[in-house]
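Protein chains in written order, with this note's numbering: chain A, 1 to 318; chain B, 319 to 723. Yeah, the Cβ is synthetic: ideal placement off N, Cα and C, and Gly gets one too. Worksheet for the structure shown next.
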């Protein structure tokens, strides 16, 4: 019975994602056409890439609130440097490395000082935003190479595939993350640490290394999301990632990964990304204004989590 | 699972669905418009203004009340004057341009021995409490004039009152204060919203579907812009306002919201009224969604839109409201008052300044691209002829030397 209930909890987000699409397509004329589906896939892929690192940090028992700031930093650094003539093949990797270093510092400080990652990553965000303002003084003149813009274009193609590059990148990322979570040492350590950090340390799991690597992954993927958002908006904007704090956390939790860690996985977050994107599109399609959308989105998220996201922590089930 | 528990979950689901549908039914009906003053009060306020300027104060209560000049009994101190700039967030190219203009004009008057060498500046990063503390520090540092962009229309009022009592001239720039301790200079969002909507309505021959691409929901600027636009569109029964999308004056957000909106609204879109910095994103969203471009008017003259306008050979209209130009106009008001001229009211609003196709072609520079964040200000930084302000002032001496933007 418990096995069945667990299966239902895992499948519920996917069923809701599919159900939402069917309902929206029935309610809103034209929602089922190819352009709308590609729009949905593109927006979900941007959220999915930004949510990947967040999922792993939450499974491990941490949380990364610096995602929006790293996205903003990457967007500004990439666009401004390219605008000044730096090759995208130099600045792109450099920005991703910077994101990895910021993430690694987050993990290192959280674990070394035994300070909640919530506080550390919040402080990092403040430092990053301050550094952006101090360096640019608000003058974020920049540009983005066309191939990056095409990579995140609704009507973009990837070779013969009629999908933009970011959707293909997301699919590859899903494969890598699912393998990483289920087949790698890092994945097993992450679940063990999230389930019971004390027991994980007694089992000689190197928590300092684990936290450093996982937060570095989160920082690196946030930087990738920042570069993609620079291409999407064709602008250097430090606030471009602001919307991704609430939505990445929501996608993870709605997908069924508990905020206290130890369970879940990126495959579930995929469903969360679709649910969040579909819900906002449905609310817009129903003609709700911004305030009403926010109210409804909040209520719907609480409702969804109440329906299937209330599993007890792993250590309470043993 | 117990039956009562299943029933409770179902009830929550149904209640939420009903709530969502209820909101959908009421969405857009409840505007955040401030209550209009009584007709007699409006008449009294408007009677204070020069007749020619009254159209610029249409629905003035969206931004600020109209009072008598709070500095009627103020005597400017002898030079050199200390100019100060209390900004809520000196983090955008618009604000930087404004500050640079103040510094440039201050240097001109410093060379004439009339002002001190530096413009003292503060930046509160949009924290009104920090801004108030910085404001109080500035008037303790001996500022003669404090230019300010308050992040809240009432948040600086206590500081403004103290500064006013101590003989400091306070001038708000494009962000009026509710209290009568400052001179407000800027433009009226309601009128600007009307101008943009009228252009779009005319451009689509008064029939078709129109979308508003607005900024941050609920603040006085967007509320007044939307109100002005909606009042114009309502005059044309064959124009349908099909939605309002909030892009938060941010390209990425605007494009994301436009993509979502277009994916859920298959109907033809004939016109877009955008309130600044978001038109390029709107057009990209249309293009990438396989839709034809719509007739579009934009609220601001950011270089990106001027470049896009040039590249795509658009027929469009934009507002002319760069930070450098606003800095010049604010400085002009301050220097007039420092020369003893007295305004007749606390709030001085300019008529909307717009850029049409011909003007856009003149302002375009080859260095501008669709990602440029500069502002295509007119070279002389005049939003309007200086003589416009003469009708608001009485007495005093002519300004000499004249500010050279």
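Please go through the same chain and pick out, in chain order, the residues whose beta-carbon is closer than 8 Å to the beta-carbon of residue 460 of chain B, but skip the five residues on each side of it. Counted from its first residue, the second chain places residue 460 of chain B at position 142. Result list for residue 460 of chain B: 400, in chain order.
For the alpha helix (DSSP H) containing residue 417 of chain B, name the first residue and the last one. Here residue 417 of chain B refers to the residue found at position 99 of the second chain. Unbroken alpha helix (DSSP H) run through residue 417 of chain B: 411-429.
Between residue 244 of chain A and chain B, is any beta-carbon pair separated by less than 7 Å? Residue mapping note: residue 244 of chain A aligns to position 244 of the first chain, counting from 1. Not closer than 7 Å to any Cβ of chain B, the Cβ of residue 244 of chain A fails to qualify, so no.
Quick one: is residue 92 of chain A near chain B, going by C-beta distance under 7 Å? Mapped onto the first chain, residue 92 of chain A falls at position 92. Taking Cβ atoms only, chain B never reaches closer than 7 Å to residue 92 of chain A, which makes this a no.
How is residue 531 of chain B classed by DSSP in three states: helix, strand or coil? Taking the first residue of the second chain as position 1, residue 531 of chain B is located at position 213. The three-state reading of DSSP puts residue 531 of chain B in strand, counting E and B together.
Taking residue 353 of chain B as the reference, give the member of B/473, B/545, B/362, B/474 with the closest Cα. Position 35 of the second chain, counting from 1, holds the residue named residue 353 of chain B. Residue nearest to residue 353 of chain B within the set B/473, B/545, B/362, B/474 is B/545 (criterion: CA-CA distance).
Taking the alpha-carbon of residue 263 of chain A as reference, which of A/28, A/251, A/42, A/56 has the nearest alpha-carbon? Walking along the first chain from the start, residue 263 of chain A turns up at place 263. Comparing Cα positions, the closest option is A/56.
Give me the DSSP bridge partner(s) of residue 557 of chain B. Here residue 557 of chain B refers to the residue found at position 239 when the second chain is read from its first residue. Answer by DSSP bridge pairing, in chain order: B/526.
Residue ranges of each alpha helix (DSSP H) within the region 431-480 of chain B, 4 or longer: Unbroken alpha helix (DSSP H) runs of no fewer than 4 residues, entirely contained in the region 431-480 of chain B, are found at 446-458, following chain order.
Coarse secondary structure for residue 303 of chain A, derived from DSSP in three states: For the purposes of this step, residue 303 of chain A is taken as residue 303 along the first chain, with counting starting at 1. In this structure, residue 303 of chain A counts as helix in the three-state DSSP scheme.
Residues that residue 564 of chain B bridges to, as DSSP identifies them: For this step, residue 564 of chain B is matched to residue 246 along the second chain. Bridge partners of residue 564 of chain B: B/532.
Cβ pair count under 8 Å reaching 3, the region 102-111 of chain A against the region 207-223 of chain A: Taking a contact to require three or more Cβ pairs closer than 8 Å, the region 102-111 of chain A and the region 207-223 of chain A qualify as touching.
Who are the neighbours of residue 126 of chain A on chain E, taking C-beta pairs under 9 Å? The chain inventory of the structure shown lacks chain E, comprising the protein chains A and B.
Element boundaries [beta strand (DSSP E), containing residue 665 of chain B]: Taking the first residue of the second chain as 1, we reach residue 665 of chain B at position 347. 665-668 is the span of the beta strand (DSSP E), which, as asked, contains residue 665 of chain B.
Pick out the complete alpha helix (DSSP H) segments inside the region 136-210 of chain A, 4 residues or longer, and give them in chain order. Correct list: 146-151, 165-183, 185-195, 197-202.
Using a Cβ-Cβ cut-off of 7 Å, state whether residue 258 of chain A counts as contacting chain B. Locating residue 258 of chain A in the first chain gives position 258, counting from the first residue. Residue 258 of chain A is outside the set of residues whose beta carbon lies under 7 Å from a beta carbon in chain B.
I want to verify the contact list: residues of chain A whose CB lies under 7 Å from the CB of residue 579 of chain B, in sequence order. Position 261 of the second chain, counting from 1, holds the residue named residue 579 of chain B. For residue 579 of chain B, the C-beta contacts it makes with chain A under 7 Å involve 284, in order along the chain.
Quick check: is the beta carbon of residue 592 of chain B nearer than 7 Å to any beta carbon in chain A? Within the second chain, residue 592 of chain B is the residue found at index 274, counting from 1. At a cut-off of 7 Å between beta carbons, residue 592 of chain B makes no contact with chain A.
What are the start and end residues of each continuous alpha helix (DSSP H) run of 4 or more residues lying completely inside the region 45-122 of chain A, in chain order? Secondary structure remark: continuous alpha helix (DSSP H) runs of at least 4 residues inside the region 45-122 of chain A, in chain order: 67-83, 88-113.
Give the residues from the region 564-576 of chain B that approach chain A closer than 7 Å (Cβ to any Cβ), ordered along the chain. Here the close residues are 564, 568, 569, 570, 571, 573, 574.
Going by beta-carbon coordinates alone, are residue 17 of chain A and residue 267 of chain A separated by less than 7 Å? Your numbering for residue 17 of chain A matches position 17 in the first chain. Your numbering for residue 267 of chain A matches position 267 in the first chain. No, the pair does not count as a contact, with Cβ atoms beyond the cut-off.
Assign residue 377 of chain B to one of two classes, buried (16 or more other C-beta atoms within 10 Å of its C-beta) or exposed (fewer than that). Start at 1 with the first residue of the second chain, and residue 377 of chain B comes out as number 59. With 16 or more neighbouring CB atoms inside 10 Å of its own CB, residue 377 of chain B falls in the buried class.
Beta carbons nearer than 7 Å to chain B: which residues of the region 154-165 of chain A have them? Cβ contacts with chain B come from 154, 155.
For my contact list, residue 524 of chain B and residue 497 of chain B are in at a C-beta cut-off of 8 Å; report their separation, rounded to the angstrom. Here the question's residue 524 of chain B lines up with position 206 in the second chain. Here the question's residue 497 of chain B lines up with position 179 in the second chain. The beta carbons of residue 524 of chain B and residue 497 of chain B sit about 42 Å from each other, so the pair does not count as a contact at 8 Å.
Can you grab the Cα-Cα spacing for the pair residue 243 of chain A / residue 229 of chain A, in whole Å? Locating residue 243 of chain A in the first chain gives position 243, counting from the first residue. Locating residue 229 of chain A in the first chain gives position 229, counting from the first residue. Roughly 12 Å between the two C-alpha positions.
Does the beta-carbon of residue 712 of chain B have 16 or more other beta-carbons within 10 angstroms, so that it is buried, or is it exposed? The sequence position of residue 712 of chain B within the second chain is 394, counting from 1. Looking at its Cβ environment, which holds fewer than 16 other Cβ atoms inside 10 Å, residue 712 of chain B is exposed.
At the level of alpha carbons, what is the spacing between residue 418 of chain B and residue 648 of chain B? Residue 418 of chain B sits at position 100 when you count from the first residue of the second chain. Residue 648 of chain B sits at position 330 when you count from the first residue of the second chain. Looking at the two C-alpha atoms, the distance is approximately 13 Å.
Could you pull the start and end residues of the beta strand (DSSP E) that residue 655 of chain B belongs to? Counting from one through the second chain, the residue named residue 655 of chain B turns up at place 337. Here residue 655 of chain B belongs to no beta strand (DSSP E); instead the alpha helix (DSSP H) covers 641-656.
Does DSSP classify residue 717 of chain B as helix, strand or coil? Position 399 of the second chain, counted from the first residue, corresponds to residue 717 of chain B. For residue 717 of chain B, the secondary structure class from DSSP, reduced to helix, strand or coil, is coil.
Contacts around residue 434 of chain B, its chain only, beta-carbon distance under 6 Å, and the 5 residues preceding and following it disregarded: Indexing the second chain from 1 puts residue 434 of chain B at position 116. Within the same chain, residue 434 of chain B has close Cβ partners 398, 400.
Considering only their Cβ atoms, is the gap separating residue 617 of chain B from residue 593 of chain B smaller than 7 Å? The residue given as residue 593 of chain B occupies position 275 in the second chain. The residue given as residue 617 of chain B occupies position 299 in the second chain. For residue 593 of chain B and residue 617 of chain B, yes; Cβs fall inside 7 Å.
Please go through the same chain and pick out, in chain order, the residues whose beta-carbon is closer than 7 Å to the beta-carbon of residue 704 of chain B, but skip the five residues on each side of it. What you label residue 704 of chain B is simply residue 386 of the second chain in a count that begins at 1. Residues 650 of the same chain have their beta carbon placed closer than 7 Å to that of residue 704 of chain B, with the five preceding and five following residues left out of the count.
Which residue from B/494, B/614, B/371 puts its Cα closest to that of residue 379 of chain B? Numbered from 1 along the second chain, position 61 holds the residue referred to as residue 379 of chain B. Cα-wise, what sits closest to residue 379 of chain B is B/494.
To the nearest whole angstrom, what separates the beta carbons of residue 528 of chain B and residue 557 of chain B, a pair I think is in contact under 8 Å? Position 210 of the second chain, counted from the start, is the residue given in the question as residue 528 of chain B. Position 239 of the second chain, counted from the start, is the residue given in the question as residue 557 of chain B. That belief holds up - the Cβ atoms of residue 528 of chain B and residue 557 of chain B are roughly 6 Å apart, short of 8 Å.
With distances taken from CA atoms, which of B/623, B/583, B/584, B/387 is nearest residue 601 of chain B? Locating residue 601 of chain B in the second chain gives position 283, counting from the first residue. When the alpha-carbon of residue 601 of chain B is set against those of B/623, B/583, B/584, B/387, the nearest one is in B/623.
Counted within 10 angstroms of its Cβ, other Cβ atoms place residue 413 of chain B as buried (16 or more) or exposed: Translated into the one-based positions of the second chain, residue 413 of chain B becomes position 95. The residue in question, residue 413 of chain B, is buried, as its Cβ has 16 or more Cβ neighbours within 10 Å.
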